[in-house]
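To keep things clear, I will list the structure first and then write my remarks on it.
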Amino acid sequence: GALIKAAYNAPSVAYDRKTVTDPVTETDREVEAFVFNTIRSKYSDHVLIGEESSTGSVALTDAPTWICDPIDGTANFVHRFPFCCVSIAFARNGQIQLG
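Going by this note's numbering, the first residue of the sequence shown is number -11, and it counts up by one from there.
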């Protein structure tokens, strides 16, 4: 939360666009790295799927898998609407277990 709060309170947020309607910020990348580093410190053999770091088509397997959207609501975040969150899910055997 601290990374998002600090960036949200900054005078402006620079962003790129993955698509016309899908902005991505440096804060997205920082939050995803923080989440994945935290997970890796305890579960180094788990698969990680991130909105910002995963490329191409991604399929769930039987392996324990964490899925992260580091700022769910990036458009709101960029335009200073206070409605965004970090979304994290965990899947095993190809099925979402939580999140």
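All C-beta atoms, glycine included, are put in the ideal place defined by N, C-alpha and C.
If you count every other CB in all the chains shown that lies within 10 Å of the CB of residue i, and 16 or more means buried, which is it?
i      : result
P66    : Per the sequence presented here, residue 66 reads as Val, with Pro not at that position. It counts as buried.
G38    : buried
V19    : buried
E14    : exposed
T62    : buried
V23    : buried
P(-1)  : exposed
A(-10) : exposed
D16    : buried
What are the start and end residues of the beta strand (DSSP E) that includes residue i?
i   : result
F78 : C73 to R80
L48 : Looking at the DSSP string, L48 is not in any beta strand (DSSP E), and its letter there is neither H nor E.
T53 : T53 to D60
G87 : First-last for G87: undefined, no H or E at that position.
G38 : V35 to G38
DSSP state of residue i, grouped into three classes?
i   : result
R5  : strand
R68 : coil
T43 : coil
S32 : coil
Just confirm the distance between the C-beta atoms of residue i and residue j, as a whole number of angstroms; I'd bet it's less than 8 Å.
i   : j   : result
V74 : P58 : 6 Å
Following the continuous alpha helix (DSSP H) through residue i, name the residue where it begins and the one where it ends.
i     : result
D10   : Unbroken run through D10 is the beta strand (DSSP E), D10 to T13; no alpha helix (DSSP H).
A(-2) : Premise fails: A(-2) is in no alpha helix (DSSP H) and is neither H nor E.
Any heavy atom of the ligand GDP inside 7 Å of the beta-carbon of residue i?
i     : result
L(-9) : The ligand GDP is not part of this structure, which contains no ligands at all.
Measuring CB atoms only, is the stretch 29 to 37 touching the stretch 51 to 58, in the sense that at least three cross pairs come out at less than 8 Å? Counting Cβ pairs under 8 Å, three or more are found: they touch.
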